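In the UniProt record's numbering, the protein residues as written are 1 to 783.
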């Protein structure tokens with residue numbers, strides 16, 4: 001590009017930038033002016049209509065609707081008009097058709113620190129936007145709404161009963177006799193930013209036209225100016241070309257001053273020095289000779305580089321061998337090297353008639369760490385576990401052998417969260433159990449991952465050669481079978497292989513296959529256990545409990561398949577089915593007129609993700625169930641991952657109006673600080689605490705402490721697992737009024753729940769129990 005072109009481009013760019021800044025400035029001022037005018041117009045409308053205090057006091061629906069429509073008519077930029085009482089509760093609401101049902105901000109947030117007599121303007125984001133702005137809302141996911149709160153003042157105390165319209169008229173006619181001003185309510189107006197921006201387009205278009213004119217004028221002036229300035233430069237360029245071709249033999253006579261004259265003088269100097277340049281041409285021949293010498297040196301250097309490359313190839317070959325035989329994450333031997341070494345050890349052991357033990361370690365619930373803290377934290381956990389196991393192998397090397405032999409232990413990572421330890425030259429098989437206990441204890445110590453303390457355990461299967469198998473595959477299969485049975489028996493333990501374990505493996509395989517088909521085949525059922533007010537006998541809710549009825553297995557207990565569903569990754573599908581079915585059943589009970597205020601649904605920690613809020617919202621809309629009729633029971637396990645993420649999800653659920661409860665409180669391992677961070681409605685006392693009442697006064701004091709803590713946090717209390725009248729009496733005395741347990745009812749299908757919802761069904765039962773306790777027919781046992 002020529003110099004003149006660059007100058008023209010620079011000036012044009014500056015003009016365009018100035019024009020854009022001008023347009024943005026005018027647009028911002030016009031938008032602020034439009035908004036301020038709308039606020040002034042609305043404020044004037046409120047202050048000029050003293051009848052609003054009558055409308056707010058007598059709450060005539062027709063007058064309220066007319067008043068709200070009048071405010072909506074102030075400007076197309078108003079998306080809704082809401083009439084609120086003095087504490088912010090909504091009395092009536094009018095919306096534009098496209099904004100119906102949009103979520104309003106909480107009154108306390110919108111008002112902030114403003115005094116009752118002051119108007120407030122609060123900006124918040126809404127996913128609902130006016131029509132015609134689809135492209136903008138697709139990028140911004142909605143629009144910013146300015147929530148304008150205008151107080152409605154009254155010269156009459158709105159809390160005084162029995163006021164008439166004449167009382168208001170007399171007060172308005174004689175304002176000098178009034179001692180104070182009262183705030184009787186608020187007009188809440190939502191201002192659509194996109195609609196308000198659209199009204200600023202004419203002013204912005206006018207300023208844009210003016211800016212375009214300025215840009216064109218600047219471009220024209222720049223072109224005329226640069227053409228005159230750069231004409232001598234063009235002449236100099238032509239002369240420079242002639243000098244390069246050897247055609248210029250006489251001195252230059254170019255008109256110009258300043259830098260142009262300086263350039264001409266330089267060129268004249270070049271012309272004068274061309275003869276001297278010819279004399280220096282022989283120097284080029286010498287330079288060519290030097291280039292040849294330099295090329296020889298480069299070839300020598302290249303040879304040295306080739307030698308270095310050969311060395312790097314050797315090092316790479318060694319690294320490839322390491323990659324082939326060692327795990328890249330933990331640097332432990334991998335499955336390939338493990339198989340080769342174990343095969344050799346088994347041959348040597350068979351020749352020497354010695355025993356070899358294989359320990360297969362699998363981490364318990366490792367997938368939950370990955371899902372909660374991320375794969376990076378999971379990799380870090382695997383590295384630390386590898387280091388601990390390696391340390392244990394070194395420290396435990398002498399616990400399973402005699403002092404004069406050369407036995408050793410080999411540690412490997414099989415992949416995923418599985419590790420193996422091989423013990424050779426055992427004196428007896430029981431030595432393997434001591435090694436397994438030491439390894440399990442080392443892994444069970446807490447880990448610190450990204451500032452979060454995590455406790456993880458392992459299940460260990462032990463197989464001994466030649467007693468259980470004589471080849472690698474057989475020994476691995478036996479150890480895997482023992483490890484699986486260790487997990488089935490509660491995890492965090494080790495087991496030796498037994499032949500009768502093979503049947504358990506086949507049973508698990510069949511259970512996995514049938515569980516994948518259970519939902520599609522309609523084998524999943526919902527039972528409901530009532531939650532009863534122990535004072536009045538009223539049913540205040542019911543917990544939905546999923547059951548699996550298999551045509552061959554019968555009723556499969558939840559403890560046999562819930563964890564299996566989480567391992568198989570189908571717990572989300574089952575959880576969604578339970579949520580939909582429970583909401584649908586409760587909606588049908590409401591249609592029948594049966595009084596069941598709410599239903600509680602358990603939520604797995606694996607379900608508790610960002611998409612879960614959308615699922616709950618969708619199910620509530622599809623079933624027509626009021627949000628306050630749904631209660632989600634969360635376990636303490638949701639806090640093992642990001643507490644900030646859990647708090648955010650709970651807040652979004654609360655924004656929908658859904659109730660939240662902490663289930664099985666006190667049985668997890670999370671910090672109690674989450675109780676102050678989560679917006680909860682209820683705390684459920686686990687059955688294990690109820691069972692502990694008969695074990696001693698300390699257990700009873702612990703339960704009293706939990707109840708006191710819940711009350712101090714203003715949480716409702718539900719006690720589950722109450723089965724005896726004595727337990728009922730204890731919780732009645734301690735103020736925990738909502739009881740759930742077999743004392744009142746076992747979990748029952750929906751058709752058997754209906755009779756339990758009849759009025760006074762449980763009231764008579766509570767009265768009989770209370771009378772028997774008072775008469776001494778029933779004894780309450782408490783340590």
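Glycine included, C-beta positions come from ideal geometry on N, C-alpha and C.
These figures come from a predicted structure and were not determined experimentally.
Can you find the residues in the same chain that come closer than 6 Å, C-beta to C-beta, to residue i, ignoring five residues on each side of it along the sequence?
i: residue 659; result: 631 and 681
i: residue 525; result: 547 and 549
i: residue 475; result: 358, 463, 465 and 469
i: residue 763; result: 537
Can residue i and residue j be called in contact, C-beta distance under 8 Å?
i: residue 806; j: residue 511; result: The structure shown has nothing for residue 806, since the chain only spans 1 to 783.
i: residue 364; j: residue 491; result: yes
i: residue 189; j: residue 148; result: yes
i: residue 599; j: residue 544; result: yes
i: residue 440; j: residue 460; result: yes
i: residue 136; j: residue 191; result: no
i: residue 359; j: residue 432; result: yes
i: residue 634; j: residue 603; result: yes
i: residue 728; j: residue 717; result: no
i: residue 606; j: residue 583; result: no
i: residue 730; j: residue 693; result: yes
i: residue 678; j: residue 647; result: yes
Which of helix, strand or coil does DSSP assign to residue i?
i: residue 372; result: helix
i: residue 550; result: strand
i: residue 181; result: coil
i: residue 621; result: helix
i: residue 396; result: The predicted model places residue 396 with a pLDDT of 46, which falls under 50 and marks its position as unreliable, so this point remains unresolved.
i: residue 497; result: coil
i: residue 711; result: helix
i: residue 51; result: coil
i: residue 527; result: strand
i: residue 123; result: strand
i: residue 154; result: strand
i: residue 189; result: strand
i: residue 80; result: strand
i: residue 354; result: coil
i: residue 425; result: strand
i: residue 450; result: coil
i: residue 456; result: coil
i: residue 318; result: helix
i: residue 629; result: helix
i: residue 113; result: coil
i: residue 592; result: coil
How should residue i be labelled, buried or exposed, when 16 other C-beta atoms within 10 angstroms of its C-beta is the threshold for buried?
i: residue 509; result: exposed
i: residue 19; result: buried
i: residue 61; result: exposed
i: residue 742; result: exposed
i: residue 485; result: buried
i: residue 296; result: exposed
i: residue 557; result: exposed
i: residue 420; result: buried
i: residue 559; result: exposed
i: residue 744; result: buried
i: residue 352; result: exposed
i: residue 33; result: exposed
i: residue 400; result: Residue placement at residue 400 cannot be trusted, given a pLDDT of 36 that sits under 50; the coordinates are not used to answer.
i: residue 489; result: exposed
i: residue 317; result: exposed
i: residue 273; result: exposed
i: residue 685; result: buried
Going along the chain, which residues of its own chain have a beta-carbon closer than 7 Å to the beta-carbon of residue i, five neighbours each way excluded?
i: residue 69; result: 94
i: residue 373; result: 449, 450, 452 and 641
i: residue 767; result: none
i: residue 527; result: 545, 547, 747, 748 and 749
I'd like to confirm something about residue i: is its beta-carbon nearer than 7 Å to some heavy atom of the ligand ATP, or not?
i: residue 445; result: Among the components of this structure there are no ligands whatsoever, and the ligand ATP is therefore not found.
Within the same chain, show all residues whose beta-carbon is closer than 8 Å to that of residue i, passing over the 5 residues directly before and after it, in chain order.
i: residue 165; result: 54 and 58
i: residue 183; result: 86, 116, 117, 151, 152, 153 and 154
i: residue 404; result: Its pLDDT being 36, under 50, residue 404 is placed unreliably in this model, and the value from its coordinates should be taken loosely. Taken in chain order, the list of residues that qualify is empty.
Checklist entry - Counting Cβ pairs closer than 8 Å, one from the region 375-395 and one from the region 448-461, do we hit at least three? => result Contact between the region 375-395 and the region 448-461 is present: 3 or more CB-CB pairs across the two stretches fall below 8 Å.
Next on the checklist: Counting beta carbon pairs with one atom in the region 206-221 and one in the region 36-50, are three or more of them shorter than 8 Å?
Outcome noted: Segments in contact, no.
Checklist entry - Is the number of C-beta pairs between the region 611-630 and the region 575-592 that are closer than 8 Å three or more? => result yes
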